[in-house]
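Note sheet for the following structure.
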DNA sequence: AGCCAGACTGTATGCGCTTTCATAATGATG
DNA sequence: CATCATTATGAAAGCGCATACAGTCTGGCT
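Chains as they are written, first to last, in the numbering used here: chain G, 10 to 337; chain F, 10 to 337.
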C-alpha cells in the first residue's frame, strides 16, 4: 500500500494525500474525508523511511544505554520517553552491555537513522568516536563521559562528592575496613567512583578499601560480595557501585548467616525503586533520573539549550536500614 | 555526507560506492581501498532510510512489550535481541504500558518502519488490529493474545495449568483464604490467571479467593497487598500475578510486622532473577523466557517456522522460601 | 592480429514520500 | 459582471541509495 495507490483510489494527487497525512495545508473537508476513508479501507500506513528521506527531518531520537537491565538506565530511558512522546517524538533504544565495540556499532547505526538527536547514557567511550560525533549536525547528549563541544552537551554526576558523603557517613559509624563491590573497573566513570572512595582514605585515618568486581547484575553483586566477605579480616561495610549490585550483596550477606546491618553494612548507589523494597531497605545515594531525563529532552528537542554545555548533578545521601554501627 | 559525495571524491560512480558498502559484487581492490579511505575521511555513514527504501528489504525486527520495567518482558526482549544480532538483525522496541491505544499507535509505527518481522509481547489487544495485521505481508508473533492465522504465529502460556499447580500446592499447605494480587484485571490473559485460580476453588473445598489490584510494579504489589492484608479475617497466602508484584507484597507483609511464610505465604509468577534475591526467596512459577525468545527468532527470521501455528508453554512450579504451612 | 570471457565500472531508473511552484476553483467585493 | 484574494489541487523535482543494464578494460586464446 503506497501513498500513490491511496491517491489513485481517492481520485486526488499524491500531494493532496500527503497533505491529509500531515494534516497541514488546506484541504477541502470533503476531500480530506474521502482520502481518510480510502486510507482506512486500505489499512494504509506511510513508509517511515520514505517520509524521513523525503522530508529530511526525523521525529526520532536515539538513546544508547550501557545496560538496559539496570533500572537506573531504564528510569532515564523512561523519563526521556515521556518527554519525547509529549513533544511528538519517538525513541529508538540501543544497548551496549558496556562493550565499546557495541557502542561504536550502535552509534553508527543510530547515525544511519538520521535522528533528531542522540543521547548516550553510557560508561564506556571511544575517544575518537566522540570527536567524530562532533562533526555531525545532530545534537548529542552524553551522560557520564566525554566533554562538551560543538553540538555536544554533557551531563555529569559528581560521583566524587557522592562517594565522599558515603565514606564520611560510614566512617562516622566506625567502619574502617570497607569492601567495594564494582563492575568494569577499567571504565572511566566507574573507575572514578572507586577512586573517589579511595581518596576518602586520605581524609579518614585508618580507612581501608578492598575491591572486588562482578557483572552489573544481581548475581554479579552477590559474587563480588562473596569474594570480599571471604577475606579475613572481613570488611564491616560493603560499598556497592549501584543498587542492583547492592541487592545482590545483601543476598550474599544473608546467605552466609550474617546480618545486615549488625554484622555488615551495605550501601548502594542511584536510589532506584528496588532500594526501598529490599530487605533491609538500602542506604544509597540518590541520583535524580527524572531531572536527567528532562535535561536530555531539553537539549535534544527543545532546541533552547545550547550545546558545549555541562550539567553537573549533585547526588544526595539517603540513609535507610542497611547501614549501622560497625561491629566491635 | 552522501554516497554521491563519497563517489565524487573517490572519482568513481555511486554504483561502485554502493558495491563497496554492501561488499558484494566485484570491485578492484585498489578502488575499494580508495573508496573506503574516502569514507573514513568523510566519516560517512549511509542513510538507513534511503537504504531500506531503495533496497526494499529491512534488517530490523520490531518488538512491542506491555511494560519494559518488568524483568519478564525485558528478559524476552534480551533473548530476542541475542538471536537477532546473531542473525544480523537489529531490534526496535516499543512499550505500551498496557494501554490498548498505545499498542495501536506502536503497531502502526512499527508497520511504518517496514520491519522484517514483528513480535508483540503484550497482554492487551485490539481485536480489529490483529485482523488488520494478518493482511500485511510481514510475519508476526503474538505472545499471550490473538489467534494463529496467516502470517501470525502464537505463543501461549498455559496459565491455567500454572495456577492450578500453585493452588494445589497452597491448599496442601493448609491455606484456605487466599488473596490474589493482580493488575489490569480486565485484560484477557491476565484475567485468565485470576479465573484459573478461582476455578481451583471448585476442586479444593473451602478455598476462598479475594482479589486486589495495583500497577504492574513493586509499589503496585505493595498497595494491593495492603488492601488484602487489611481485611479480616486476613488471607494466609498472597498469590501474585508476577514476581515483581510479589516482591512488593513481601515488603508490605514485613512492614506490617508479619513474617513470611510463618504468618503469610507469598507466591510470584515468571521466576525472574529477582525472585532468587528477595527475602525470603520467592516461590514462583517458571516461564522459560529464553525459549520463548528463541521461538520468536525462529518465526521472524529463520523463515523455517510456518505461520498459523501455536506454541504452548508449560509453566513449572518452583518452590522456595516464601511459602509454608498456613498458620492455625 | 582477432576474438571472447570475465572482471570491473558507469548510467539511469525508481523506491515512497515531501514540497515547491503553478494552476484551478471558490468566494468576496465593487 | 469583472476583479482579486483565498483556498484547493495537481505536476514535478528530488531525498540517498540499490540495482539492472550497458559499457569498458583486461588477459588468454586461437
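We put the beta carbon where it would ideally sit given N, CA and C, even for glycine.
- When C-beta atoms of the region 93-102 of chain F are compared with those of the region 64-71 of chain F, three or more pairs fall below 8 angstroms, so the two segments count as touching.
- Look at the region 218-289 of chain G and you find these whole runs of alpha helix (DSSP H), each 4 residues long or longer: 227-239 and 252-264.
- With a threshold of 8 angstroms between beta carbons, residue 101 of chain G makes contact with chain F.
- Just measuring C-alpha positions, the residue of G:306, G:225 and G:14 sitting nearest residue 152 of chain G is G:306.
- Taking a C-beta cut-off of 8 angstroms against chain G, the contacting residues of the region 118-145 of chain F are 118, 120, 121, 122, 123, 141, 144 and 145, listed in chain order.
- Our two residues, residue 137 of chain F and residue 337 of chain F, have alpha carbons roughly 51 angstroms apart in a direct line.
- With a 10 Å radius around the Cβ and a threshold of 16 neighbouring Cβ atoms, residue 46 of chain F comes out exposed.
- Around the Cβ of residue 330 of chain F, a 10 Å sphere holds fewer than 16 other Cβ atoms; the residue is exposed.
- The beta-carbon of residue 229 of chain F is placed no less than 8 angstroms from the nearest beta-carbon of chain G.
- Runs of the alpha helix (DSSP H) lying entirely within the region 144-208 of chain G, each at least 4 residues long, are 168-181 in chain order.
- Residues of the region 44-64 of chain G with a C-beta less than 7 angstroms from any C-beta of chain F: 52, 54, 55, 56, 57, 58, 59, 61 and 62, listed in chain order.
- For the 8 angstroms CB-CB criterion, residue 282 of chain G and residue 332 of chain G do not form a contact.
- At a cut-off of 8 angstroms between beta carbons, residue 337 of chain F makes no contact with chain G.
- With a cut-off of 8 angstroms on Cβ pairs, the region 244-253 of chain G is in contact with the region 269-281 of chain G, counting three or more such pairs.
- Using a CB distance below 7 angstroms, the part of the region 235-256 of chain F facing chain G consists of 256, ordered along the chain.
- Around the beta carbon of residue 133 of chain G, 16 or more other beta carbons sit within 10 angstroms, so the residue counts as buried.
- Between the region 141-150 of chain G and the region 166-182 of chain G, the count of Cβ pairs shorter than 8 angstroms is below three; the stretches do not touch.
- Rounded to the nearest angstrom, the gap between the Cα atoms of residue 209 of chain F and residue 185 of chain F is 11 angstroms.
- Here residue 94 of chain G carries a helix assignment [DSSP, helix/strand/coil].
- Inclusion of residue 320 of chain G and residue 260 of chain F in the CB contact set at 8 angstroms is not warranted, their separation being larger than that value.
- Comparing alpha carbon positions, the residue from F:325, F:44 and F:19 closest to residue 29 of chain F is F:44.
- Residue 320 of chain F is bridged by DSSP to F:164.
- Following the DSSP letters along the chain, one finds residue 293 of chain F inside the beta strand (DSSP E) bounded by residues 293-295.
- The beta carbon of residue 260 of chain F falls within 8 angstroms of a beta carbon belonging to chain G, placing the residue at that interface.
- Looking from the CA of residue 217 of chain G, the closest CA among G:235, G:27 and G:179 belongs to G:179.
- Interface with chain G (8 angstroms Cβ-Cβ cutoff): residue 77 of chain F is included.
- In the displayed model, residue 335 of chain F falls within coil according to three-state DSSP, outside both helix and strand.
- Assignment of beta-bridge partners to residue 69 of chain F by DSSP yields F:99.
- Following the DSSP letters along the chain, one finds residue 130 of chain F inside the beta strand (DSSP E) bounded by residues 126-130.
- With 16 or more other Cβ atoms inside 10 Å of its own Cβ, residue 58 of chain F counts as buried.
- Per the DSSP secondary-structure output, residue 104 of chain G pairs in a beta bridge with G:74.
- With a threshold of 8 angstroms between beta carbons, residue 293 of chain F makes no contact with chain G.
- Residues of chain F with a Cβ closer than 7 angstroms to the Cβ of residue 263 of chain G are, in chain order, 288.
- Listed along chain G, the residues sitting closer than 9 angstroms to residue 283 of chain F by beta-carbon distance are 227, 256 and 283.
- Distances from the CA of residue 295 of chain G to each of G:192, G:241, G:206 and G:168 were compared; the closest alpha carbon is that of G:168.
- Taking a cut-off of 8 angstroms for Cβ pairs, the region 217-230 of chain F and the region 251-259 of chain F touch, as three or more such pairs fall below it.
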